[in-house]
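Residue numbers (this note's numbering), protein chains in the order written: chain L, 23 to 549; chain D, 56 to 114.
If you want it as structure tokens, here you go:
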């Protein structure tokens with residue numbers, strides 16, 4: 023068995039390896055446009071080395087796909103070697119070639135599961151794939167049940183089959199399928215010819231609603247692919263249901279390509295995810311560089327490993343969730359929307375855009391401001407941002423609104439936008455106490471603590487007894503930077519000026535008093 | 056908008072060390088729950104939460 027390299031920063035949990043481009047079908051939505059085998063596919067010896075290299079980088083599980091993997095003559099050899107290397111292995115097939123003997127061989131080798139693609143009820147599925155392929159799948163499922171090897175169905179959803187999901191569900195349940203993975207068609211390969219089939223962002227909610235209802239029925243387990251989300255309670259509950267950990271919140275945490283996931287093309291090209299068919303994102307080929315080097319070298323998969331909220335644009339840039347999801351599925355944003363920095367294919371984004379449309383009907387300035395404040399009080403900073411930004415369009419130099427928008431962006435952790443708002447106020451009114459304070463905390467959060475502290479000190483010097491927040495914020499930033507003694511001094515100065523301030527800062531004051539500097543820094547304030 | 060989880064709920068769970076979902080959805084693997092538990096990308100550690108941006112909104 024291949025020995026694992028210790029202490030890798032990124033360890034791939036999962037891999038998808040298209041072992042051949044050979045396929046007996048010409049599916050209308052095939053992202054790889056598979057036909058026959060490519061002339062440069064990895065040889066058996068090279069494939070064996072790939073199996074060992076995957077073990078060395080600590081891979082846990084792999085899906086062999088294609089093309090149609092069962093058409094590659096040495097598929098059994100590849101699967102066996104992977105399993106000998108303790109890599110959990112399953113196969114994703116179109117179901118055409120699955121005979122009893124195939125299943126018995128798969129069981130003997132140790133394949134955990136056979137995934138089969140099903141894309142509609144009989145007429146639709148056969149139209150998309152090949153005549154009689156639906157009935158072949160039903161036959162394969164029957165055989166798999168008899169041989170007791172787990173199966174699952176993978177469905178690529180588009181407008182042609184969205185309405186058929188309920189009927190498909192019944193077929194799957196009738197045929198004893200325990201697991202069903204839903205994913206979404208993207209415009210690549212053959213699907214480029216059928217772009218009118220693509221789901222709209224508004225359709226995501228329909229898919230999630232169907233998935234949730236199915237999950238609640240409990241007759242078949244539902245799995246949502248990475249492209250379906252994000253942050254809806256229903257989707258989170260489904261994701262959570264597939265994991266045992268009581269601490270698992272089910273939040274989708276961002277594109278795994280090149281972090282947890284590795285994609286292997288049939289010729290040995292390595293890419294973060296096979297769903298992103300773009301040669302510019304290929305890290306290299308195992309014929310030129312060892313897999314370990316491609317996976318670990320500096321700058322590897324930097325387009326995703328180095329992604330951060332700061333690099334996002336458009337709505338994702340200011341979305342309250344984007345620091346978790348980092349812009350959603352890379353495949354769909356890159357292939358469909360031609361950008362890595364924003365996705366429009368997101369249930370939350372779609373919902374906010376609907377709200378934005380409604381808010382755009384409100385033209386009364388005072389109504390916009392009032393609603394914006396109501397949203398802030400309700401903790402809905404995302405919609406507050408829209409209301410107040412729209413109000414600001416009517417009064418570009420309204421200092422109160424600029425301050426308000428700065429506060430909103432701070433709460434959304436949009437520090438660049440927060441800085442911009444405060445800067446505008448300070449250009450209009452250099453000694454505006456709130457903007458000095460806002461800029462101070464914002465710069466501190468942006469890694470410019472000293473500049474921030476300076477502005478906060480200035481704000482505290484200028485403020486009156488009726489508004490002592492600058493003392494609080496200065497103390498907070500000092501504490502966050504491990505300067506607890508100074509923080510306490512600042513807070514005590516403020517507390518001497520107002521009893522009301524004493525009341526609202528009591529918890530913070532006690533926290534500072536009871537936590538030594540090192541502890542204050544490591545557990546510091548963060549909001 | 057109530058269909059969506061709130062950030063404070065996420066932060067609360069994160070503070071418990073629970074913000075974990077391994078998103079590598081398998082192509083039909085039956086037991087995906089044995090994935091390793093890892094810290095999520097882009098999520099900050101479980102800080103003590105205090106309000107640094109003043110006590111009040113600016114009005």
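A virtual CB, placed ideally from N, CA and C, is assigned to each residue, including glycine.
If we define contact as Cβ-Cβ less than 7 Å, is residue 32 (chain L) a contact residue for chain D? no
Using a Cβ-Cβ distance under 7 Å, would residue 237 (chain L) count as near chain D? no
Alpha carbon of residue 635 (chain L) to alpha carbon of residue 99 (chain L), nearest angstrom: Given a span of 23 to 549 for chain L in the structure shown, any question on residue 635 (chain L) remains unanswerable.
List, from N- to C-terminal side, the alpha helix (DSSP H) runs of 4 residues or more that fit wholly inside the stretch 70-97 of chain L. none
Nearest CA to the CA of residue 254 (chain L): which residue from L:228, L:240, L:241, L:41? L:228
Checking the sheet assignment: what are the DSSP bridge partners for residue 136 (chain L)? L:113, L:173
Of the choices L:279, L:403, L:417, L:381, whose alpha-carbon is the least far from that of residue 350 (chain L)? The candidate whose alpha carbon is nearest that of residue 350 (chain L) is L:279.
Am I right that residue 139 (chain L) and residue 176 (chain L) are in contact with their C-beta atoms under 8 Å? What's the rounded C-beta distance? 5 Å
N-terminal and C-terminal residue of the beta strand (DSSP E) that residue 42 (chain L) is part of: 36-42
Interface residues of chain D facing residue 370 (chain L) [CB-CB closer than 7 Å]: 59
Buried or exposed (CB count within 10 angstroms, at least 16 for buried), residue 173 (chain L): buried
When the Cα atoms are used, what is the spatial distance from residue 122 (chain L) to residue 95 (chain L)? 17 Å
With a cut-off of 7 Å, does the C-beta of residue 416 (chain L) fall near any C-beta of chain D? For residue 416 (chain L), the answer is no, since every Cβ of chain D falls outside 7 Å of its Cβ.
Let me make sure I understand the geometry here. Which of L:88, L:217, L:332 has the alpha-carbon closest to that of residue 435 (chain L)? L:332
At 8 Å on the CB atoms, spell out the chain D contacts of residue 377 (chain L), in chain order. 56
Buried or exposed by the 16-neighbour rule on C-beta atoms within 10 Å, applied to residue 481 (chain L): buried
For the beta strand (DSSP E) that contains residue 246 (chain L), what are its first and last residues? 243-246 is the span of the beta strand (DSSP E), which, as asked, contains residue 246 (chain L).
According to DSSP, residues forming a beta bridge with residue 307 (chain L): L:291
Taking the alpha carbon of residue 160 (chain L) as the reference point, which residue from L:134, L:195, L:317 has its own alpha carbon closest? L:195
Would residue 277 (chain L) and residue 285 (chain L) qualify as a contact pair, given that the criterion is a beta-carbon distance under 7 Å? no
What is the DSSP secondary structure of residue 156 (chain L), reduced to helix, strand or coil? helix
With distance defined between alpha-carbon atoms, name the residue in L:70, L:219, L:44 nearest to residue 208 (chain L). L:219
Within its chain, find whatever has a CB closer than 7 Å to the CB of residue 236 (chain L); leave out the 5 residues flanking it on each side and keep chain order. 191, 242, 244
Does residue 258 (chain L) get closer than 7 Å to chain D when you measure Cβ to Cβ? yes
Name the one or two DSSP bridge partners that residue 202 (chain L) has. L:175, L:244
Give me the Cα-Cα distance between residue 378 (chain L) and residue 112 (chain L), rounded to the nearest whole angstrom. Whole-angstrom Cα-Cα distance: 44 Å.
Should residue 23 (chain L) go down as buried or exposed, given a rule of 16 or more other Cβ atoms within 10 Å for buried? exposed
Cα separation between residue 39 (chain L) and residue 152 (chain L)? 24 Å
Could you have a look at residue 387 (chain L) and say whether DSSP puts it in helix, strand or coil? Helix at residue 387 (chain L).
Short of 7 Å Cβ to Cβ, which residues in the stretch 116-128 of chain L face chain D? none
Flag residue 255 (chain L) as yes if its beta-carbon sits less than 7 Å from any beta-carbon of chain D, otherwise no. yes
Would you call residue 36 (chain L) buried or exposed, if buried means 16 or more other Cβ atoms sit within 10 Å of its Cβ? Per the 10 Å Cβ criterion, buried.
Between which residues of its own chain and residue 56 (chain L) is the CB-CB distance below 6 Å, once the five residues before and five after are set aside? 43, 45, 89
Got a sec: is the Cβ-Cβ distance from residue 483 (chain L) to anything in chain D below 7 Å? no
What does the Cβ neighbour count give for residue 528 (chain L), buried or exposed, with the cut at 16 atoms within 10 Å? exposed
Starting from the C-beta of residue 329 (chain L), find all residues in its chain whose C-beta is less than 6 Å away, skip the five residues before and the five after it, and write them out in chain order. 348
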